[in-house]
Amino acid sequence: MKGRFYVIGVGPGDPELMTLKAIRLLERCPVWLAPKARKEGKSTALTIVERLVPARGKEILTQYFPMKKVRMGKTPAADVEAAWQEAAGAVLKALAAGRDVAFPTLGDPAIYSTGFYVSDTLFRLDPQVRVEIVAGVSAIGASAAAAGKPLCLGDDRMAVIPATFENGELAEILGNFDTVVLMKVHRVMDRIVPLLAELNLLDRAVLVERTSQEGQRIRRNLREIVNEEHHYFSTIIVRK
Ligand SMILES: C[S@@+](CC[C@H](N)C(=O)[O-])C[C@H]1O[C@@H](n2cnc3c(N)ncnc32)[C@H](O)[C@@H]1O
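In our numbering, each residue carries its 1-based index in the sequence shown increased by 611.
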């Protein structure tokens with residue numbers, strides 16, 4: 612296996628939040644494999660990259676990854692596993708031909724990124740595969756910065772969780788940590804807002820939409836937002 616697979620964090624949207632290392636490696640890799648959340652739509656990660664790194668001359672592969680829950684230790688849905696296999700197959704083909712492959716991923720690869728599922732699938736198919744993970748600016752830090760809030764100070768403890776947890780689990784975590792970052796909130800806002808109200812945390816919460824992207828909004832009054840449609844790029848920070 613001659614080529615190398617790079618999972619590259621490209622930040623939350625603003626190309627200025629891409630690292631120099633991400634830019635250098637994307638310029639160098641002849642093949643880009645870009646993840647898509649919709650079959651027909653464009654890859655967000657690719658859109659971010661293309662604002663700074665010319666795609667001219669690159670072989671651009673796209674892969675649709677269904678947005679379904681993956682539970683650790685449980686078998687993923689068949690179509691989710693099939694997408695990982697398909698992506699890994701395409702990567703292995705390029706690597707075998709001696710071509711490095713870049714996988715641009717939103718934010719930081721270590722936080723809920725498909726890049727790690729694809730890497731794990733690659734390792735299962737070929738334990739000799741060479742993979743490098745390139746850190747990026749996560750939406751977590753970028754959202755806190757946009758809201759002008761710290762995440763942790765002193766002996767604060769922080770939890771980062773998908774808001775799709777059941778209310779009971781959410782309430783327990785909200786009770787146990789000083790700061791809670793709720794990701795993937797867009798579809799569950801109608802139950803998160805009443806839960807925060809019940810726990811007397813509504814005034815401690817801020818919703819950050821499209822951090823560092825065009826249309827960024829910081830919503831400090833969550834009472835106003837319940838009946839709105841919410842964008843996938845929405846993160847709530849609760850800091851007690
Ligand atoms: C699958 S996770 C990916 C997180 C990403 N790896 C990171 O480090 O930011 C997707 C969630 O990240 C959050 N997110 C990603 N980009 C965002 C942005 N620009 N503004 C606000 N939240 C964002 C949202 O909560 C979204 O539902």
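We put the CB at the ideal spot given by N, CA and C, even for glycine.
Per DSSP, the bridge partner or partners of residue i
{"i": "residue 589", "result": "For residue 589 there is no data in the structure shown, the boundaries of the chain being 612 and 851."}
{"i": "residue 846", "result": "819"}
{"i": "residue 829", "result": "819"}
Which of helix, strand or coil DSSP assigns to residue i
{"i": "residue 700", "result": "helix"}
{"i": "residue 635", "result": "helix"}
{"i": "residue 728", "result": "helix"}
{"i": "residue 644", "result": "strand"}
{"i": "residue 751", "result": "helix"}
{"i": "residue 623", "result": "coil"}
{"i": "residue 764", "result": "coil"}
{"i": "residue 839", "result": "coil"}
Other residues of its chain near residue i: CB distance less than 6 Å, five sequence neighbours each side excluded
{"i": "residue 843", "result": "797"}
{"i": "residue 817", "result": "758, 831 and 848"}
{"i": "residue 748", "result": "622 and 628"}
{"i": "residue 688", "result": "679"}
{"i": "residue 841", "result": "797 and 800"}
{"i": "residue 762", "result": "755, 769 and 790"}
Cβ pair residue i, residue j closer than 8 Å
{"i": "residue 815", "j": "residue 849", "result": "yes"}
{"i": "residue 795", "j": "residue 774", "result": "yes"}
{"i": "residue 725", "j": "residue 696", "result": "no"}
{"i": "residue 718", "j": "residue 694", "result": "no"}
{"i": "residue 646", "j": "residue 676", "result": "yes"}
{"i": "residue 846", "j": "residue 793", "result": "yes"}
{"i": "residue 641", "j": "residue 737", "result": "no"}
{"i": "residue 745", "j": "residue 730", "result": "no"}
{"i": "residue 624", "j": "residue 822", "result": "yes"}
{"i": "residue 706", "j": "residue 616", "result": "yes"}
{"i": "residue 833", "j": "residue 804", "result": "yes"}
Cβ shell of residue i (< 8 Å), same chain only, five flanking positions each side left out
{"i": "residue 778", "result": "802 and 806"}
Any C-beta of chain C under 8 Å from that of residue i
{"i": "residue 849", "result": "Any reference to chain C falls outside this structure, which holds one protein chain only."}
Contact set for residue i: own chain, Cβ-Cβ below 7 Å, skip 5 residues either direction
{"i": "residue 784", "result": "770, 772 and 791"}
Ignoring anything shorter than 3 residues or poking outside the region 767 to 825, list the beta strand (DSSP E) runs there in chain order.
-> 769 to 773, 790 to 794 and 816 to 820
Fully enclosed by the region 650 to 723, which beta strand (DSSP E) runs are 3 residues long or longer?
-> 670 to 675 and 712 to 716
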